[in-house]
Amino acid sequence: MKFKFSFQKVLDFKEKEKEIAQQEYSTIKHKQLELQEQIEGLELEKEKVFNQYNDVHRKRVWEILEVQQGIDHVNLQKKNLEVQSQQIHKEVEQKHQMLIEKSQETKMWNQWKANSKDAFQKQLERTEQVMLDEIAVLRYSRRI
109 MKFKFSFQKV
119 LDFKEKEKEI
129 AQQEYSTIKH
139 KQLELQEQIE
149 GLELEKEKVF
159 NQYNDVHRKR
169 VWEILEVQQG
179 IDHVNLQKKN
189 LEVQSQQIHK
199 EVEQKHQMLI
209 EKSQETKMWN
219 QWKANSKDAF
229 QKQLERTEQV
239 MLDEIAVLRY
249 SRRI
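Written out as structure tokens, the structure is:
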């Protein structure tokens, strides 16, 4: 007799939910890393613009104003990216929490399946032992 877990479809569904949560978490984490790289790129650009600003003594007023506008533009971009970064960080935390919950649910269902299988196996062994005992009694009674 083969063990058949009566809630196998539920377990399969929970495992699928866990896989989806892992994919979503991985995707948002990747997006967070890309955003962090963009912020770092802006830092380099800002540093470059500041270096241009440091050469003020060789520049005219309109060139200084252009450099200032460049700095303002980089600062605005950085501020926007930081806002996005905060939003993505919240989303990463939510997805991570969801992944933990789905993993716990899946683990619980897998443990239930393992416990059910163990109980089935023990019951099967008891049934086999009862049958072997009956066979032994029948053989013994034929000898007498």
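Numbering (the working numbering), first residue to last: 109 to 252.
The beta-carbon is built from N, C-alpha and C at its ideal position, and this holds for glycine as well.
Is the distance from the Cβ of L207 to the Cβ of Q185 below 8 Å? Numbered from 1 along the sequence shown, position 99 holds the residue referred to as residue 207. Numbered from 1 along the sequence shown, position 77 holds the residue referred to as residue 185. No, these two residues do not count as a Cβ contact at 8 Å.
In this structure, does DSSP put F113 in helix, strand or coil? Residue mapping note: residue 113 aligns to position 5 of the sequence shown, counting from 1. Note: F113 maps to coil in three-state DSSP.
Euclidean distance between Cα positions of Q130 and W170: Locating residue 130 in the sequence shown gives position 22, counting from the first residue. Locating residue 170 in the sequence shown gives position 62, counting from the first residue. A straight-line Cα-Cα distance of about 53 Å links Q130 and W170.
C-beta atoms of F56 and S249 nearer than 8 Å: The structure shown does not extend to residue 56, since the chain spans only 109 to 252, so no value can be given for it.
When you compare each of A222, L143, V175, A244 to K187 by their alpha carbons, which one comes out closest? Here residue 187 corresponds to residue number 79 of the sequence shown, with the count starting at 1. Comparing Cα-Cα distances from K187 to each of A222, L143, V175, A244, the minimum goes to L143.
So, using beta-carbon positions, are L119 and W217 closer together than 8 Å? Taking the sequence shown and counting its residues from 1, the one referred to as residue 119 is at position 11. Taking the sequence shown and counting its residues from 1, the one referred to as residue 217 is at position 109. Going by beta carbons, L119 and W217 fall inside the 8 Å limit.
Check whether the region 197-215 touches the region 121-129, counting contact only when three or more Cβ pairs, one atom from each stretch, lie closer than 8 Å. The region 197-215 makes contact with the region 121-129, as at least three CB pairs between them are under 8 Å.
Here's a check: name, in chain order, each residue in its chain whose Cβ is nearer than 8 Å to the Cβ of F158, leaving out the five neighbours to either side. Counting from 1 along the sequence shown, the entry for residue 158 is found at position 50. I179.
Take Q192 as the anchor and find which of L141, E233, E213 has the nearest alpha-carbon. Counting from one through the sequence shown, the residue named residue 192 turns up at place 84. Closest in alpha carbon position to Q192, among L141, E233, E213, is L141.
Determine the closest residue to K110 out of E242, E155, D226, with distance taken between C-alpha atoms. Taking the sequence shown and counting its residues from 1, the one referred to as residue 110 is at position 2. Across the set E242, E155, D226, the C-alpha of D226 shows the shortest separation from the C-alpha of K110.
R234 - containing alpha helix (DSSP H), residue span: Within the sequence shown, numbered from 1, the residue matching residue 234 stands at position 126. Annotation: the continuous alpha helix (DSSP H) that includes R234 extends over 169-251.
Thinking just about the alpha-carbon of each residue, which of K117, H138, E123, K124 is nearest to the one in V200? Along the sequence shown, read from residue 1 onward, the residue named residue 200 stands at position 92. When only C-alpha atoms are compared, the closest one is H138.
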